[in-house]
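Residue numbers (this note's numbering): 4 to 275.
Down below is the structure, laid out as structure tokens.
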Ligand SMILES: [Zn+2]
């Protein structure tokens, strides 16, 4: 556990009255949240608009239809969680296919999804694409971006100042921390939302993603061959794509996924 994480856990224990802590879905991991959902969504929307202003949308009808179909099914499952698994986010979902030969995809806070056409040769099938989109949506459901911003706020200004900031109004907090928040969201970066998540967040997104795809009627067992294809595609490539990052190591990731499959299979009902 990193020192920052350790102090965050301590902070979570002592400042519960300030409602600064959340529990991640599925894993039950403690998270500190100094950023409101409204702020997070606003920043997600802004970052999405910036990416879409720079990148050309795909005109490939087959590709865009596939991204729309898978995206809508995952979104529908995310909005109807089994009791207590997570709060329905009530996102205003958007699905865009970007014409770029990069193996990349993201879901920003607020349900703003983008898939790059260079991903599709690796995902190959509808279910393969569902693995990646579910993983990205899981990052949003677990509020990993806001958690990273909160971590950075505490790391940069210290626990005392960050907890004092909790007592300020939402608008005051926004003004004070907006630059740090924007940086954590990767807003303005040329390739979008690619700041690497922590290893814990990656593993958590894998585990939640398996449940999510199962709820959407996609066979979670397909995650194993998908991540094997990812590993093959990423070897020797040096890609910066978030899901190709070395955290966790590909072999660990696949072993973890195998271990979590029984949990996800409880929610799997085949469709079509
Ligand atoms: Zn990820």
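We put the beta carbon where it would ideally sit given N, CA and C, even for glycine.
Please work out which residues of its chain come closer than 8 Å, Cβ to Cβ, to residue 261, disregarding the five sequence neighbours upstream and downstream, and give them in chain order.
Excluding positions up to five away in sequence, the list reads 227.
Regarding residue 150 and ligand 1, is the C-beta to nearest heavy atom distance less than 7 Å?
Answer for residue 150: no, Cβ out of range of ligand 1.
On a Cα-Cα basis, can you pick out the residue from 50, 150 and 118 that is closest to residue 68?
Distance check between residue 68 and each of 50, 150 and 118 places 118 closest, using alpha-carbon atoms only.
What would DSSP say about residue 60, mapped onto helix, strand or coil?
If DSSP states are grouped into helix, strand and coil, residue 60 belongs with the strands.
If you follow the alpha helix (DSSP H) that residue 237 is part of, which residue opens it and which one closes it?
Secondary structure note for residue 237: its alpha helix (DSSP H) is the uninterrupted segment 226-237.
Would residue 93 be called buried (16 or more neighbouring beta carbons within 10 Å of its own) or exposed?
Classification of residue 93: exposed, given that the 10 Å Cβ count is below 16.
At 4 residues or longer, and completely inside the segment 71-142: list those alpha helix (DSSP H) runs for me, N to C.
List check, alpha helix (DSSP H) in window: 123-126.
Any heavy atom of ligand 1 inside 7 Å of the beta-carbon of residue 205?
The nearest non-hydrogen atom of ligand 1 is less than 7 Å from the C-beta of residue 205.
For a test of your reading of the model: does the CB of residue 208 fall under 7 Å from any non-hydrogen atom of ligand 1? Yes or no.
Distances taken from the Cβ of residue 208 to the heavy atoms of ligand 1 include one shorter than 7 Å.
Around the C-beta of residue 87, are 16 or more other C-beta atoms found within 10 angstroms, so that it is buried, or is it exposed?
Taking all protein chains shown into account, residue 87 has fewer than 16 neighbouring C-beta atoms within 10 Å of its C-beta and is therefore exposed.
If residue 145 sits next to residue 208, beta carbons under 8 Å apart, how far is it from one beta carbon to the other, in whole angstroms?
Residue 145 to residue 208, Cβ: 7 Å. Contact.
Any idea which residues DSSP pairs residue 25 with across the strands?
Answer by DSSP bridge pairing, in chain order: 34.
With DSSP collapsed to three states, give me the class of residue 54.
Assigned with DSSP and collapsed to three states, residue 54 falls in helix.
Check whether the Cβ of residue 1 sits closer than 7 Å to any heavy atom of ligand 1, and report yes or no.
This structure cannot settle anything about residue 1, because the visible part of the chain is limited to 4 through 275.
Looking at the structure shown, is residue 46 part of a helix, part of a strand, or coil, going by DSSP?
Here residue 46 sits in helix by DSSP.
In or out: residue 231 buried (at least 16 other Cβ within 10 Å) or exposed?
Residue 231 is exposed by the Cβ-count criterion.
Kindly confirm or deny that the segment 61-77 and the segment 32-48 touch, where touching means at least three C-beta pairs closer than 8 Å.
Flag = no, the segment 61-77 and the segment 32-48 do not touch.
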